[in-house]
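Keeping their order, the protein sequence lines are chains A and B. 61 is the number that the numbering used here gives to position 61 of the first sequence; each next residue is one higher, with no gaps. 184 is the number that the numbering used here gives to position 69 of the second sequence; each next residue is one higher, with no gaps. Structure, as structure tokens:
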Amino acid sequence: DAGVTQSPTHLIKTRGQHVTLRCSPISGHKSVSWYQQVLGQGPQFIFQYYEKEERGRGNFPDRFSARQFPNYSSELNVNALLLGDSALYLCASSQPSTGGIETQYFGPGTRLLVL
Amino acid sequence: TQLLEQSPQFLSIQEGENLTVYCNSSSVFSSLQWYRQEPGEGPVLLVTVVTGGEVKKLKRLTFQFGDARKDSSLHITAAQTGDTGLYLCAGVPQAGTALIFGKGTTLSVSS
């Protein structure tokens with residue numbers, strides 16, 4: 001079975017530009033989460049979507065937005081890029097369990113460099 | 116303020132040595148997870164601990180969840196070069212819904 005896939009793998013943008021990152025969850029998973037991982041830090045939660053609805057939002061500015069499509073794939077959009085947006089962007093898919101423990105499976109990430 | 120504090124931040128040891136990584140918080144977590152991440156890849160789940168005082172073993176790795184569910188530890192016995200990587204603890208606070216990560220421990224095992 002295919003795991004979580006993300007595209008593109010690498011991206012270089014300049015300040016002020018806009019970027020769209022894409023994620024396809026594991027088949028059967030209806031929840032997608034996005035994380036930003038700056039070098040030397042752990043991942044920071046940006047958004048979670050479940051059944052196309054926003055389920056949670058981290059402490060990120062409005063320049064960050066996301067959506068989930070009927071096939072459960074997702075896009076993360078970042079407007080007006082800043083140098084500090086350079087990071088590894090991770091997507092994780094999950095499926096809520098009856099026991100309440102929701103295991104997240106991560107994709108390989110998209111490495112974004114803002115110049 | 117980091118909700119999950121990991122220590123040490125960096126660890127460089129020789130093959131065959133033992134090590135322990137700690138993950139501490141002042142908040143209660145319904146569960147804690149440990150991930151391992153290699154350069155250029157996403158984190159891979161190693162274990163989830165749920166019950167206070169729980170101990171789980173995965174070959175040479177032993178994971179423990181504190182009785183009060185505020186801390187956890189990862190112990191590696193007889194480290195191997197293949198254990199090299201970034202170890203991350205993560206959990207969902209009882210009062211929250213988002214998965215919170217620690218800053219990670221970078222482990223380097225040399226032969």
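Every residue, glycine too, gets a C-beta built ideally from N, C-alpha and C. Every value quoted in this text rests on a predicted model; they were computed, and no experiment measured them.
By the criterion of Cβ-Cβ separation under 7 Å, what are the contact partners of residue i in chain A?
i        : result
Ser146/B : Ile101
Leu203/B : Gly42
Quick check: is the beta carbon of residue i nearer than 8 Å to any beta carbon in chain B?
i        : result
Pro25/A  : no
Leu112/A : no
Gly109/A : yes
Gly58/A  : yes
Gln104/A : yes
Gln95/A  : no
Going along chain A, which residues have a C-beta under 9 Å from residue i?
i        : result
Phe216/B : Tyr35, Gln37, Gln41, Gly42, Pro43, Gln44, Phe45
Leu160/B : Thr103, Gln104, Tyr105, Phe106
Are the C-beta of residue i and some C-beta of chain A separated by less than 8 Å?
i        : result
Gln165/B : In the sequence as presented, Gln is not what sits at residue 165/B; that position holds Val. Interface residue, yes.
Thr212/B : yes
Leu126/B : no
Leu173/B : no
Gly206/B : no
Gly168/B : no
Gly219/B : yes
Just tell me which of the options has its CA closest to the CA of residue i.
i        : options                                : result
Val136/B : Leu214/B, Tyr150/B, Gly155/B           : Tyr150/B
Gln48/A  : Thr221/B, Lys218/B, Thr212/B           : Thr212/B
Ser140/B : Gly157/B, Thr221/B, Val207/B           : Val207/B
Leu88/A  : Glu102/A, Pro96/A, Phe106/A            : Phe106/A
Glu120/B : Thr192/B, Glu156/B, Asp186/B           : Asp186/B
Lys52/A  : Val4/A, Tyr35/A, Gln68/A, Thr103/A     : Gln68/A
Gly157/B : Val224/B, Leu203/B, Ala193/B, Ile215/B : Leu203/B
Trp201/A : Ala80/A, Ile12/A, Ala66/A, Glu102/A    : Missing from the structure shown is residue 201/A; chain A here goes from 1 to 115 and no further.
His190/B : Gly200/B, Lys172/B, Thr199/B, Ala205/B : Lys172/B
Gly219/B : Val78/A, Ser86/A, Gln41/A, Pro70/A     : Gln41/A
Leu76/A  : Thr20/A, Thr103/A, Leu112/A, Gln44/A   : Thr20/A
Lys174/B : Asp182/B, Gly168/B, Val162/B, Ser225/B : Val162/B
Thr103/A : Pro25/A, Ser86/A, Glu54/A              : Pro25/A
Thr110/A : Gln37/A, His29/A, Ala2/A               : Gln37/A
Gly197/B : Gln209/B, Ser223/B, Asp182/B           : Ser223/B
Ser122/B : Cys138/B, Ala193/B, Leu134/B, Ile128/B : Cys138/B
Ser142/B : Ala193/B, Gly200/B, Asp182/B, Thr192/B : Asp182/B
His10/A  : Ala92/A, Ser86/A, Ile101/A, Pro96/A    : Ser86/A
Val159/B : Ser188/B, Ala205/B, Ser225/B           : Ala205/B
List, in order along the chain, the chain B residues whose C-beta lies closer than 7 Å to that of residue i?
i       : result
Leu90/A : Gly157
Should residue i be counted as a contact of the ligand ATP given a C-beta to heavy atom distance under 7 Å?
i        : result
Thr135/B : In the structure shown, the ligand ATP is absent, as is every other ligand, since no ligand is present at all.
Starting from residue i, follow the beta strand (DSSP E) in both directions and report where the run begins and ends.
i        : result
Tyr49/A  : 44-50
Tyr72/A  : First-last for Tyr72/A: undefined, no H or E at that position.
Phe60/A  : Where Phe60/A is concerned, there is no enclosing beta strand (DSSP E), given that its DSSP letter is neither H nor E.
Glu156/B : No beta strand (DSSP E) holds Glu156/B; DSSP gives it neither H nor E.
Glu102/A : Counting along the chain, Glu102/A falls outside any beta strand (DSSP E), and DSSP gives it neither H nor E.
Ala80/A  : Run containing Ala80/A: none; DSSP gives neither H nor E here.
Asp198/B : That residue, Asp198/B, is in no beta strand (DSSP E); it is neither H nor E in DSSP.
His18/A  : Segment: none, His18/A is in no beta strand (DSSP E) and carries neither H nor E.
His10/A  : 10-13
Asp186/B : 186-191
Ile128/B : 125-129
My assumption, with CB atoms under 8 Å, is that residue i sits in contact with residue j. Please give the rounded CB distance.
i        : j        : result
Gln6/A   : Pro108/A : 6 Å
Thr221/B : Gln124/B : 7 Å
Leu83/A  : Val32/A  : Actually they do not touch by this definition, with Cβ atoms about 27 Å apart.
Ser73/A  : Cys23/A  : 6 Å
Lys13/A  : Leu81/A  : 5 Å
List, in order along the chain, the chain B residues whose C-beta lies closer than 9 Å to that of residue i?
i       : result
Gln48/A : Thr212, Ala213, Leu214
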